[in-house]
Each structure stands twice: as structure tokens, then as C-alpha cells.
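Beneath this line is the structure, given in C-alpha cells, with notes to follow.
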Amino acid sequence: MDRPPGTRIVELRVPRRAFARRVPAALERLGYRLVAGARRRAGAEPEPDVVVAGARELRRLRARAARPVILIDPRCGTLGPGEAVAACVRRPAGLVELYGALQRVLERHPRQTPRVGTTLPARCVHGERDWPAAIVSLSEGGCLLRAAREPIPKAPLRVFFPLPDTGLLEVTARPLYRRGAHIGLAFETLSEHAREAIGRYVERTLLAA
């Protein structure tokens, strides 16, 4: 079977109970294609980019062509140097932890945390000026804004936006680029309260979709 362009294929050699609730579905929404090991062995799927496996599968995987392996196991902290794995995530694997491992193993410029598409009203403040905007993509590391103001400031600006069940958050963000009406921002100053609130919102949105 042909590989879909731009798709990362993840071969699963663990049962679904090795994941926290709804994590596989959330990973697929983030763009990963999850393939059961049995279908791979039957030739029904293309070669994977990475294998997610349990401890029982490690010996079998070492004997075949090398693919990076992410181990899901409760003993991550006690694995010795002989365990040939690219990363280890404690079982049951949570979304943020497994996403981070996949990014580190597969990507040249890995994201630390997942992002989610959204529509949140926002207000930007720079000096004595302020203007309305909307957040259309959000992660713990930054956001994508939609705003009509030209030009964007080069210096950091303050962004205010509400999150359900949290209330109004204030973050300091550095503009990275502008493409039409969209502005990419990297968060520079983020309180622990804001970071946790954004992380909960992103994870809850992905798991509930």
C-alpha cells in the first residue's frame, strides 16, 4: 500500500489498554496514522516510521530491520543501557508524553507539546495601542492569531484571551511571522497557572473531539 504524502505512520505492537483513554484517536487527529502490527505483517500497510511496542516485543523487533522503537512500559526509569529504544513512555501512555516522544524521534524540529485548532477571542496590547484578534491555533508554546492590524510590532506584545473553566489569561508573546491576516506568536512569559490551563485546554479538546 502506498504511503499518503506527509503522513507519519506509527505501527502499534501494544494493546489499546496501554494508552490512556482516547489517546489513539487524539494522535490520529494530530496527523499520525496508527497501524496495527498484524496488518503490517500481512502486507496491508506501508512501512512505518516508528514502532510503539511493549517490553515483550522488544526482542523480536531487534531481530528485524531497524525502525526506531518507542517503548510503553511502567519501568521506564529502571531500563538499562541494553534496552535499544529511542524513547520510553510510562504505561498507560498519556497524550502529551507520547506526542512529545513521537516528535523527538521523528522530527528534525520537534514540537514539545501538541497544538489544537480553535476560535478564541483575544486582545493584543503593545504600548498604548490595543486591537482585537482571534486565536485560531493554540499550544503551550505559542499561538496563531488572526488580526487585521498592520504592521505587527517587532517587540513582544501582551495577549489577553479567555479559556473555558479558567477565565481570562494574560501572556507575553513574541511575533515570529505574518502570513496575510495570520500572525505566529511564541509565548515568552507564561505563568505556571497559564501554562497548566492551556495544556489542559489543548488536551481536553483533542481527547473530546
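All letters in the sequence shown, in the order written, are residues 1 to 209 by the working numbering. Backbone N, C-alpha and C define an ideal beta-carbon position, used for all residues, glycine too.
Measuring CA to CA, which of Thr205, Val14, Tyr177, Ile70 is closest to glycine 117?
The residue among Thr205, Val14, Tyr177, Ile70 with its C-alpha nearest the C-alpha of glycine 117 is Thr205.
Based on the DSSP output, what are the partners of glutamate 130 in its beta bridges?
Inspection of the sequence shows that residue 130 is occupied by aspartate rather than by glutamate. Val125.
Quick one: give me the first and last residue of the alpha helix (DSSP H) that leucine 190 is part of.
Counting along the chain, leucine 190 falls outside any alpha helix (DSSP H), and DSSP gives it neither H nor E.
Check whether the segment 191-204 touches the segment 145-161, taking contact to mean three or more Cβ pairs, one atom from each stretch, closer than 8 Å.
With the cut-off at 8 Å, the segment 191-204 and the segment 145-161 do not touch.
In terms of residues, what are the limits of the alpha helix (DSSP H) holding proline 162?
Premise fails: proline 162 lies in the beta strand (DSSP E), 157-163, not in any alpha helix (DSSP H).
Exposed or buried, what is alanine 186 when buried is set at 16 or more other beta-carbons lying within 10 Å of its beta-carbon?
Alanine 186 should be labelled exposed.
Within 10 angstroms of the Cβ of aspartate 165, are there 16 or more other Cβ atoms? Answer buried if so, exposed if not.
By the 10 Å Cβ count, aspartate 165 comes out exposed.
As assigned by DSSP and simplified to three states, the class of alanine 101
If DSSP states are grouped into helix, strand and coil, alanine 101 belongs with the helices.
Answer yes or no: do valine 50 and proline 68 have a C-beta to C-beta separation smaller than 7 Å?
Yes.
Can you tell me where the alpha helix (DSSP H) with valine 23 in it begins and where it stops?
Note, valine 23: alpha helix (DSSP H), 23-29.
State the DSSP-derived secondary structure class of glutamate 57, mapped to helix, strand or coil.
Residue state for glutamate 57 is assigned as helix, using DSSP reduced to three classes.
Use the C-beta contact count for alanine 208: other C-beta atoms within 10 angstroms, 16 or more gives buried, fewer gives exposed.
Counting the other CB atoms within 10 Å of its CB gives alanine 208 a total below 16, which places it among the exposed residues.
Under 7 Å between C-beta atoms of arginine 146 and histidine 182:
Taking 7 Å as the Cβ cut-off, arginine 146 and histidine 182 qualify as a contacting pair.
Separation of arginine 115 from alanine 87, as counted between CA atoms
If I take the Cα positions, the gap works out to 21 Å.
Work out the CA separation of glutamine 112 and arginine 104 for me, nearest whole Å.
In a straight line, the C-alpha of arginine 104 is about 8 Å away from that of glutamine 112.
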